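A quick write-up on the structure given underneath.
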Amino acid sequence: MLFIFIPLVVVIIDQLSKIYIKNNFYLYQSFDVIEPYLKFTYIENRGIAFGIDTSSYHLFITILTIVVILFFIYYFVLQIMYDSIEKIPLGFILGGAIGNAIDRILVLFPKSGYIGVIDFIDIGYNGFRWYVFNVADLSISCGAILYALILFKSQNNERNSKYRIKP
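The sequence shown begins at 1 in our numbering and counts up one residue at a time.
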(Lines of atoms letter the chains of each structure in order from A; the text may use other names.)
(Lines give C-alpha, C1' and ligand atoms only; values in the text may rest on other atoms or scores of the structure.)
Protein backbone atom coordinates (compact mmCIF):
# COMPACT_ATOMS: atom_id res chain seq x y z
CA MET A 1 0.00 0.00 0.00
CA LEU A 2 2.98 2.28 0.66
CA PHE A 3 3.76 2.22 -3.07
CA ILE A 4 0.54 4.08 -3.86
CA PHE A 5 0.52 6.21 -0.71
CA ILE A 6 3.84 8.04 -1.32
CA PRO A 7 3.14 9.38 -4.84
CA LEU A 8 -0.46 10.21 -3.90
CA VAL A 9 0.56 12.21 -0.81
CA VAL A 10 3.29 14.02 -2.76
CA VAL A 11 0.85 15.03 -5.53
CA ILE A 12 -1.77 16.19 -3.00
CA ILE A 13 0.69 18.27 -0.94
CA ASP A 14 2.29 19.68 -4.10
CA GLN A 15 -0.99 20.70 -5.71
CA LEU A 16 -2.52 22.10 -2.50
CA SER A 17 0.59 24.20 -1.85
CA LYS A 18 0.55 25.51 -5.43
CA ILE A 19 -3.17 26.33 -5.23
CA TYR A 20 -2.57 28.19 -1.97
CA ILE A 21 0.30 30.22 -3.44
CA LYS A 22 -1.57 30.99 -6.69
CA ASN A 23 -4.67 32.16 -4.78
CA ASN A 24 -2.91 34.18 -2.07
CA PHE A 25 0.15 35.72 -3.76
CA TYR A 26 0.67 38.01 -6.71
CA LEU A 27 3.13 36.86 -9.36
CA TYR A 28 6.68 37.59 -8.09
CA GLN A 29 5.40 38.49 -4.61
CA SER A 30 7.76 37.35 -1.86
CA PHE A 31 7.10 36.56 1.80
CA ASP A 32 9.84 35.96 4.39
CA VAL A 33 9.25 32.69 6.22
CA ILE A 34 12.60 32.37 8.02
CA GLU A 35 14.58 35.47 7.16
CA PRO A 36 17.08 35.42 5.39
CA TYR A 37 17.10 31.67 4.69
CA LEU A 38 13.61 30.84 3.45
CA LYS A 39 11.09 32.88 1.49
CA PHE A 40 7.98 32.02 -0.45
CA THR A 41 8.30 33.75 -3.83
CA TYR A 42 5.55 33.06 -6.35
CA ILE A 43 6.79 32.49 -9.88
CA GLU A 44 5.52 30.48 -12.82
CA ASN A 45 8.43 28.71 -14.45
CA ARG A 46 8.04 28.27 -18.21
CA GLY A 47 11.18 26.19 -18.45
CA ILE A 48 12.53 23.03 -16.92
CA ALA A 49 15.04 22.65 -14.10
CA PHE A 50 17.24 25.49 -12.84
CA GLY A 51 15.56 28.23 -14.86
CA ILE A 52 16.38 26.76 -18.28
CA ASP A 53 13.79 28.38 -20.56
CA THR A 54 12.00 25.92 -22.83
CA SER A 55 8.80 27.91 -23.30
CA SER A 56 8.98 27.66 -27.09
CA TYR A 57 9.05 23.85 -26.76
CA HIS A 58 6.28 23.59 -24.16
CA LEU A 59 4.17 20.98 -25.97
CA PHE A 60 7.24 18.81 -26.63
CA ILE A 61 8.40 19.08 -22.99
CA THR A 62 4.88 18.21 -21.77
CA ILE A 63 4.70 15.13 -24.01
CA LEU A 64 8.22 14.12 -22.97
CA THR A 65 7.23 14.51 -19.31
CA ILE A 66 4.22 12.24 -19.81
CA VAL A 67 6.38 9.61 -21.56
CA VAL A 68 8.90 9.71 -18.69
CA ILE A 69 6.07 9.36 -16.16
CA LEU A 70 4.73 6.31 -18.03
CA PHE A 71 8.22 4.78 -17.94
CA PHE A 72 8.45 5.45 -14.19
CA ILE A 73 5.03 3.89 -13.62
CA TYR A 74 6.15 0.77 -15.51
CA TYR A 75 9.44 0.59 -13.57
CA PHE A 76 7.59 1.37 -10.32
CA VAL A 77 5.19 -1.56 -10.92
CA LEU A 78 8.18 -3.85 -11.54
CA GLN A 79 9.69 -2.80 -8.21
CA ILE A 80 6.37 -3.45 -6.45
CA MET A 81 6.23 -6.95 -7.93
CA TYR A 82 9.68 -7.73 -6.53
CA ASP A 83 8.93 -6.02 -3.19
CA SER A 84 12.03 -3.89 -3.60
CA ILE A 85 12.98 -1.07 -1.23
CA GLU A 86 13.62 0.98 -4.37
CA LYS A 87 9.87 1.60 -4.60
CA ILE A 88 10.12 4.19 -1.80
CA PRO A 89 12.41 6.69 -3.59
CA LEU A 90 10.72 5.88 -6.90
CA GLY A 91 7.41 6.82 -5.25
CA PHE A 92 8.80 10.26 -4.37
CA ILE A 93 10.16 10.73 -7.91
CA LEU A 94 6.89 9.60 -9.49
CA GLY A 95 4.76 11.82 -7.23
CA GLY A 96 6.92 14.85 -8.01
CA ALA A 97 6.87 14.17 -11.74
CA ILE A 98 3.08 13.88 -11.73
CA GLY A 99 2.75 17.08 -9.67
CA ASN A 100 4.77 19.11 -12.17
CA ALA A 101 3.10 17.38 -15.14
CA ILE A 102 -0.30 18.58 -13.90
CA ASP A 103 0.96 22.18 -14.11
CA ARG A 104 2.49 21.61 -17.55
CA ILE A 105 -0.80 20.21 -18.84
CA LEU A 106 -2.77 23.14 -17.37
CA VAL A 107 -0.51 25.57 -19.27
CA LEU A 108 -1.84 24.07 -22.51
CA PHE A 109 -5.30 25.42 -21.59
CA PRO A 110 -5.17 29.25 -21.55
CA LYS A 111 -8.39 29.55 -19.54
CA SER A 112 -6.69 27.76 -16.63
CA GLY A 113 -4.68 30.92 -15.92
CA TYR A 114 -1.42 28.97 -15.74
CA ILE A 115 1.60 30.29 -17.64
CA GLY A 116 4.12 27.82 -16.20
CA VAL A 117 4.87 25.40 -13.40
CA ILE A 118 4.23 27.14 -10.07
CA ASP A 119 7.39 27.49 -7.98
CA PHE A 120 7.58 29.22 -4.61
CA ILE A 121 10.25 27.78 -2.28
CA ASP A 122 13.08 30.31 -2.30
CA ILE A 123 16.17 29.48 -0.23
CA GLY A 124 19.43 31.33 0.18
CA TYR A 125 21.73 33.25 2.45
CA ASN A 126 23.84 36.38 2.39
CA GLY A 127 22.87 37.55 -1.09
CA PHE A 128 23.00 34.08 -2.67
CA ARG A 129 19.62 32.65 -3.71
CA TRP A 130 19.03 29.23 -5.22
CA TYR A 131 16.53 28.76 -8.04
CA VAL A 132 12.93 28.90 -6.81
CA PHE A 133 11.37 25.42 -6.69
CA ASN A 134 8.28 23.59 -5.42
CA VAL A 135 7.26 20.53 -3.39
CA ALA A 136 7.34 18.32 -6.51
CA ASP A 137 10.93 19.38 -7.29
CA LEU A 138 11.93 18.72 -3.68
CA SER A 139 10.31 15.28 -3.81
CA ILE A 140 12.08 14.40 -7.07
CA SER A 141 15.45 15.54 -5.68
CA CYS A 142 15.07 13.70 -2.37
CA GLY A 143 13.85 10.58 -4.18
CA ALA A 144 16.80 10.67 -6.59
CA ILE A 145 19.31 11.07 -3.74
CA LEU A 146 17.70 8.24 -1.74
CA TYR A 147 17.62 6.02 -4.85
CA ALA A 148 21.32 6.68 -5.51
CA LEU A 149 22.16 5.84 -1.88
CA ILE A 150 20.22 2.56 -2.10
CA LEU A 151 22.01 1.61 -5.33
CA PHE A 152 25.39 2.57 -3.85
CA LYS A 153 24.74 0.51 -0.71
CA SER A 154 23.58 -2.53 -2.68
CA GLN A 155 26.66 -2.37 -4.93
CA ASN A 156 28.91 -2.12 -1.88
CA ASN A 157 27.17 -5.12 -0.30
CA GLU A 158 27.66 -7.15 -3.50
CA ARG A 159 31.31 -6.14 -3.71
CA ASN A 160 31.94 -6.98 -0.06
CA SER A 161 30.26 -10.38 -0.34
CA LYS A 162 32.64 -11.38 -3.16
CA TYR A 163 35.66 -10.99 -0.90
CA ARG A 164 34.33 -12.66 2.24
CA ILE A 165 36.04 -15.83 3.37
CA LYS A 166 33.50 -18.61 3.38
CA PRO A 167 33.67 -21.11 6.26
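Don't be surprised by glycine CBs; every beta carbon is placed ideally from N, CA and C. All values reported here derive from a predicted model rather than from experimental measurement.
Under the three-state reduction of DSSP output, ARG104 falls in the helix class. If the five residues before and after TYR147 are omitted, its C-beta is found closer than 8 Å to the C-beta atoms of GLU86, PRO89, LEU90 and ILE93, all from its own chain and listed in chain order. Boundaries cannot be given for VAL132, as no beta strand (DSSP E) includes it and DSSP labels it neither H nor E. Note that the C-beta distance between ILE121 and ASN134 is below 8 Å. By the Cβ-count criterion, LYS111 is exposed, with fewer than 16 other Cβ atoms from all chains shown falling within 10 Å of its own Cβ. Separation of TYR125 and PRO36 (C-alpha to C-alpha, rounded to the nearest whole angstrom) is 6 Å.
Per DSSP, the continuous beta strand (DSSP E) segment holding SER30 begins and ends at 30-34. Only residues of its own chain outside the window of five on either side were considered, and among them ASP119 and VAL132 have a CB closer than 6 Å to the CB of ILE43, listed in chain order. Uninterrupted alpha helix (DSSP H) stretches at least 4 residues long and entirely within the stretch 58-96 occur at 58-81, given in chain order. Distance from the CA atom of SER139 to the CA atom of ILE63, rounded to whole angstroms, is 21 Å.
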